[in-house]
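Engineer: Handing you a structure now.
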Amino acid sequence: MRNYIKITVLLLVLSISCTDVVDVDVQEAPTRLVIQASLDWEKGTMGNEQMVKLRNSTEFFDTTSNTEVTGASVSVTNDTSGEEFIFTDQNNGEYITTEFVPVLNQSYTLEVVHNGETYSAQETLMPVTEITDLYQDREDGFDNEELELHVEFTDPVDEENFYLFKFQRQGDLLPEFEVGYDEFVNGNEIDWWYEQEEDEDTDKIEVLVPGDVVAIEMYGISEAYYDYMDILIDQIGGVGIFSATPVSVKGNCVNLTTPDNYAHGYFRLTEVNKASYTFE
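Next comes the structure, spelled out in structure tokens:
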């Protein structure tokens, strides 16, 4: 009986405290340049049309500031041939080229000049193997009663390969990202499966059902980008009471003029498979 009373009192205290207004001091951070430079060569295309996006970071609760960065100079150079590709300012934070020449396993250097400072990053264009099959099943997921999507491919032999997967169900606001590498499955056929689960916080049913359409993107990525995305994905999912506190994750864009004024974002070059699957 005493235990019952203690629990009741505790619940009463918690319910009362939840009605209090709590002022939270959010730590301020300096405004930084954000570089979104994802040069992706979709299989079966020329890969000549590419875009780099620039914006300024803002405070957490700021939804009114204009963050688009215009007037910058943006270029990407093939490190072997020296060929330079100029990205033209569209006056909306986007910089576009239609002349890019993608070469697999080739190193490229990004240069962004903004406000008298030069930012630089280097990355290699990584290939990706073909998707050999897409199918649905109910046997391999966390819940053997729910549908899951299977993506099959054969990992190349005698080389390290790192993968980024992007899944987005039609109608969902945000995609889901997953990363993987071939440390224990090098050279084998790989069955990568994707499953939606019930949201434990809202009890909202989000499982995959017949009629759902899921867009799939499978990227070949560098080890450095794998490490970067692995941390980001972990932090996106880390919202529970026992989760680690999110921290600022630095990309590969270095400020050559003022090193302490580093940029957020990442310069990546990848080959990508794109596909769509409709559940039956």
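Residue numbers (our numbering): 31 to 310.
Note that CB positions come from ideal geometry on N, CA and C, so glycine has one too.
Remember, predicted model here, so these are calculated numbers, not experimental data.
Contact between the region 233-252 and the region 288-305: three or more CB pairs below 8 Å?
Structural biologist: Short answer: they touch.
Engineer: Go ahead and pull the three-state DSSP assignment for Q265.
Structural biologist: Three-state DSSP puts Q265 in a helix.
Engineer: Going by C-alpha to C-alpha distance, which of N108, A102, A151 sits closest to I126?
Structural biologist: Ranking N108, A102, A151 by Cα distance to I126 puts A102 first.
Engineer: Under a Cβ-count criterion, where at least 16 other Cβ atoms within 10 Å of its own Cβ denotes burial, should Q200 be classed as buried or exposed?
Structural biologist: Result: exposed.
Engineer: How many angstroms separate the CA atom of I37 from the CA atom of L63?
Structural biologist: Annotation note: pLDDT 39 at I37 (below 50); position unreliable, coordinate value reported separately. About 50 Å.
Engineer: Quick check: is any heavy atom of the ligand SAM less than 7 Å from the C-beta of T300?
Structural biologist: As presented, the structure is devoid of all ligands, the ligand SAM included, so that no description of it is given.
Engineer: For M259, which three-state DSSP category applies?
Structural biologist: Helix, per DSSP.
Engineer: Looking at E147: is its Cβ nearer than 8 Å to the Cβ of T61?
Structural biologist: Cβ distance not < 8 Å, so E147 and T61 don't count as in contact.
Engineer: Can the beta-carbon of I161 be found closer than 8 Å to that of D185?
Structural biologist: Cβ atoms of I161 and D185: not closer than 8 Å.
Engineer: Short check: CB of N285 to CB of N291, under 8 Å?
Structural biologist: Yes, they are a contact pair.
Engineer: Can you list, in chain order, the residues of its chain with a C-beta nearer than 6 Å to that of Y149? Leave out the 5 residues immediately preceding and following it.
Structural biologist: V142, C283, N285, A293, listed in sequence order.
Engineer: Between G77 and P157, is the Cβ-Cβ spacing less than 8 Å?
Structural biologist: Going by C-beta atoms, G77 is not nearer than 8 Å to P157.
Engineer: Do E178 and D163 have their C-beta atoms closer together than 8 Å?
Structural biologist: It is not a contact, given that the beta carbons lie outside the stated cut-off.
Engineer: Looking only at C-alpha atoms, which of Q265, F115, E129, G123 sits nearest to L140?
Structural biologist: The residue with the shortest Cα to Cα distance from L140 is F115.
Engineer: Give the secondary structure of A67 by DSSP, where H, G and I count as helix, E and B as strand, and everything else as coil.
Structural biologist: In this structure, A67 counts as strand in the three-state DSSP scheme.
Engineer: Give every residue of the same chain whose Cβ lies closer than 6 Å to the Cβ of T107, excluding the five residues on either side of it in the sequence, and list them in chain order.
Structural biologist: E114, T139, listed in sequence order.
Engineer: Who are the near neighbours of V279 in its chain, counting only those whose CB is closer than 8 Å to its CB and skipping five residues on each side?
Structural biologist: Excluding sequence neighbours, V279 sits near Y258, I261, L262, Q265.
Engineer: Taking the C-alpha atoms as reference points, what is the distance between G112 and E189?
Structural biologist: Going by the C-alpha atoms only, they are around 27 Å apart.
Engineer: For A151, which residues in the same chain have their Cβ closer than 6 Å to its Cβ, ignoring the five residues on either side in sequence?
Structural biologist: Closer than 6 Å at Cβ, skipping near neighbours: L140, N282, C283, F297.
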